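Here is the structure we will look at.
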Amino acid sequence: MKYNRKVSSSRRTCRKAHFTANDAKRRIIMSSGLSKELREQYVFKSFPVVKGDEVLVLRGNLKGKTGKVVKVNRATYKVVLDISYREKKNGQTASFGICASSLVITKLCMDHNRQALLEKKKAARVAGDLRKNEKDAATA
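First residue of the sequence shown: 1, per full-length UniProt numbering; consecutive thereafter.
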């Protein structure tokens, strides 16, 4: 069953949307889940990753380690952490990217705009839950 009629199920259409997405859509796609503490505080489950956030890695070689976001590369859909470096054959170190979906945000990097976004999303989620509860009560 489809949950959203506006989103296509076609592989071809989904791939085109993924690779031709603008910067605003890429920001939303590059969201990570919030930790249990942040989830309780803000009511919602995920939020876009930005430079300065502290994250926990859920998958890959760095699984279970915590690091700070150094760079968010929207062109490749990858997030670089301060712990995601490997040694090259010639002795130099090179960073590698991690997919945002395999991270959990444990501490948010706050600025004025981000605080406003968090509060706005929280208010919308609470209002939506209230509206949903009223609708369920009316039908019962």
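Backbone N, C-alpha and C fix where the C-beta goes; we use that ideal spot for every residue, glycine too.
All figures in this text were calculated on a predicted structure; none of them were measured in a lab.
Which residues DSSP lists as bridging Phe47, in chain order: Taking the first residue of the sequence shown as 1, we reach residue 47 at position 47. Paired residue(s): Ser32.
Contained beta strand (DSSP E) runs [length at least 3] in the UniProt domain "KOW" (48-75), N- to C-terminal order: If we require 3 residues or more, the beta strand (DSSP E) runs fully inside the UniProt domain "KOW" (48-75) come out as 54-57 and 66-73.
Beta-carbon contacts of Gly52 that lie in its chain and below 8 Å, excluding the five residues immediately before and after: For the purposes of this step, residue 52 is identified with residue 52 of the sequence shown, where counting begins at 1. Counting only Cβ-Cβ distances below 8 Å, and skipping sequence neighbours, we find Lys68, Val69 and Cys109.
Extent of the continuous beta strand (DSSP E) run through Leu118: Taking the first residue of the sequence shown as 1, we reach residue 118 at position 118. Leu118 -> not in any beta strand (DSSP E); alpha helix (DSSP H) instead, spanning His112 to Thr139.
Nearest-angstrom beta carbon gap, Ile83 and Leu62 [assumed within contact, 8 Å]: Within the sequence shown, the letter at position 62 stands for residue 62. Within the sequence shown, the letter at position 83 stands for residue 83. Taking the Cβ atoms as the reference, Leu62 lies roughly 6 Å from Ile83, within the contact range of under 8 Å.
Residue span of the beta strand (DSSP E) that contains Ala94, given as start and end: The count along the sequence shown starts at 1 and reaches residue 94 at position 94. Its beta strand (DSSP E) spans residues Thr93 to Ser95.
Identity of the residue in Val50, Thr139, Cys14 and Leu58 nearest Val79 by Cα: If you number the sequence shown from 1, residue 79 lands on position 79. The option with the nearest alpha carbon to Val79 is Val50.
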